[in-house]
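Below you'll find the structure, written out as structure tokens, and then a few comments.
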Amino acid sequence: MEALNLPNTLCRKVDITDKNAFENAIREAEAVYGKTDLLINNAGKMLLGDLATQDPAEWKSMLDINVTGVMNGMQIVMNDMKARQCGTIINVSSIAGLQPFGNHAAYCASKYAVRGLTQTARMEMSPHNVRVIVVEPGAVTTELLGHTTDQNIIDGYNQWKETVGALNINAKDIATTIKFAYELPQGVLLREIIITDTKQDA
């Protein structure tokens, strides 16, 4: 973000599992730009592994970031959005929150959780005219795979991507889709967006 040198931008490095630090960063931005109109919970971690042998510390790390971090962000902005009767929260999940994949047990658990909490939050927030959206990308070229510590699983994942043809979609495509959903009128809600490479068949 700093390298992009975008105008009207405040960049802060925050551990989203630390709710106080997360909130302080948001309040700092709000002091400059006004109350939060859009929150995109995009931070995430993907540590693939065989459930029978994976280090439980990796499970905890993923659940803390992928689930608790998302909940922290939502809670920080929800009350202000409710009071204003306006706002949008977008949680970036994964197609792994819809269907299982080998060596994805803990990651799937975290992303199924994001889908469920987003649906529940939508029910709670829609009476207040606040939109809550879950975006579920398929295989996308990002740095996520680099989090995995088992090289055999990394190699297998890359082979799978080639097999299903999921080689074209990138982070910019996801961002463009999110921008489209956000720029719709406040009264129009795309509740759930599944976006994959056209060739991805799994």
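Quick note: the working numbering has the sequence shown finishing at residue 453, numbered continuously throughout. Ideal Cβ positions, reconstructed from N, Cα and C, are used throughout, including at glycine. Computed from a predicted model, the values in this text were never measured in an experiment.
Looking at C-alpha atoms only, which residue of the options is the closest neighbour of residue i?
i	options	result
ALA233	LEU255, ASN259 and THR268	Nothing can be reported for residue 233: it is not among the residues displayed for the chain, which extend from 252 to 453.
VAL385	GLN350, GLU443, PHE431 and SER377	GLU443
THR392	GLY367, GLN437, GLN402 and ALA426	ALA426
PRO436	ILE420, THR339, VAL321 and ILE404	THR339
LYS270	SER344, THR400, GLY320 and VAL383	GLY320
VAL328	ASN292, SER312 and ASP306	ASN292
ASN419	ALA272, ILE404 and ALA390	ALA390
ASP266	MET313, ASN421 and SER344	MET313
SER377	VAL318, CYS337, THR449 and GLN451	CYS337
ASP452	THR304, PHE352 and ASN403	PHE352
ARG366	GLY397, VAL318, ASN409 and ALA254	VAL318
ARG335	VAL415, ARG382, PHE273 and LYS412	ARG382
Indicate whether residue i and residue j have their beta-carbon atoms separated by less than 9 Å.
i	j	result
GLY300	ASN342	no
ASN330	THR268	no
ALA294	ILE316	yes
THR287	MET252	no
ALA364	TRP310	no
GLY438	ASN380	yes
ILE446	GLU387	yes
TYR433	LEU261	no
MET325	ALA276	no
SER345	THR369	no
THR449	LEU298	no
LYS264	HIS398	no
Which of helix, strand or coil does DSSP assign to residue i?
i	result
ILE444	strand
PRO436	coil
GLU279	helix
GLY295	coil
ARG366	helix
THR319	helix
LYS213	The structure shown has nothing for residue 213, since the chain only spans 252 to 453.
MET374	helix
VAL265	coil
GLN350	coil
SER361	helix
LYS333	helix
DSSP puts residue i in a beta bridge; with which residues?
i	result
ARG382	THR339
LEU289	THR339
THR392	ASN421
HIS355	GLY300
GLU274	None, per the DSSP bridge assignment.
GLU387	ILE445
From what residue to what residue does the alpha helix (DSSP H) around residue i run?
i	result
ILE405	402-415
SER312	307-314
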